[in-house]
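Colleague: Below you'll find the structure I mean.
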Amino acid sequence: MSAATNPSPGLRERKKIKLRHTIQTAALRLFERQGYEHTTVEQIAEAAETSTTTFYRYFPTKEDVVLDNDASPLFETTAAERPADEPLTATVRAAMGAVVAAAEADRDFTLARMRLVATVPALEARYAGEERRTIELLTGLLADRTGRPADDYQVELIAFVLAGVLFTASRRWVADQGATALSTLVDQALTTVEPLLATLEG
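Heads up, the sequence shown is in the UniProt record's numbering, so the first residue is 1 and it goes up one at a time.
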């Protein structure tokens, strides 16, 4: 896709992105310092030098300030930009690679988010919904790329497996405190399951 059809965000949008990240960063620092349950939206807004009204404009709930991220849009955009005739494994690797690169580019921030998800029950419950949406996203991609219906058994099965690649690798990355690169963990897992992807193109 050319730059003309996929323009860079303008100044106003960049300011919004920056403020969103500032609020999230302030929230994560407070959560790590005094605990998730003991941190209020008012405290987060004050630390981010903004108002509670602005906070709620970006994040409807306190949970959203942890869970909100650009992984799904990034995955979809990257997959959509790939050549339609390339092997399915290449498309999946490229899309997952974009998500992983973004996570590793802001390593400390991502690890802090994931540690909270693993230790706060309310966040863990909401995160299960994120996993379901990821499976739906992967199911749609596999169906579109192979011409099979979304309820095809193999498509559904392999979508679950690929979601497992992302979430299992992410959990291992967090448990090991980033000792092994997330990209390495995802690459190892994808190498293991690539024969399954090949069956969809057979």
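For each residue, glycine too, the CB sits at the ideal point set by N, CA and C.
Because the structure is a prediction, the values reported are computed rather than measured.
(1) Mapping the DSSP letters down to three states, classify residue 210 as helix, strand or coil.
(2) Only counting the same chain, and skipping five residues up and downstream in sequence, which positions put a Cβ closer than 7 angstroms to that of valine 165?
(3) Please say whether valine 41 and phenylalanine 55 have beta carbons closer to each other than 8 angstroms?
(4) Determine the direct distance from the alpha carbon of arginine 113 to that of tryptophan 173, and round the result to whole angstroms.
(5) Is it buried or exposed for threonine 184, if we count other Cβ within 10 angstroms and need 16 for buried?
(6) Going residue by residue through the segment 133-202, where are the continuous alpha helix (DSSP H) segments of at least 4 residues, counting only ones entirely within it?
(7) Unbroken alpha helix (DSSP H) runs of length 4 or more, entirely within the segment 55-109: which are they?
Modeller: So, to answer that:
(1) Look at the range of the chain in this structure, 1 to 202, and you will see that residue 210 is not part of it.
(2) Val186, Ala189, Leu190, Val193
(3) yes
(4) Linking tryptophan 173 to arginine 113 through their CA atoms gives a straight-line distance of about 12 angstroms.
(5) exposed
(6) 153-175, 182-200
(7) 62-67, 71-81, 88-105
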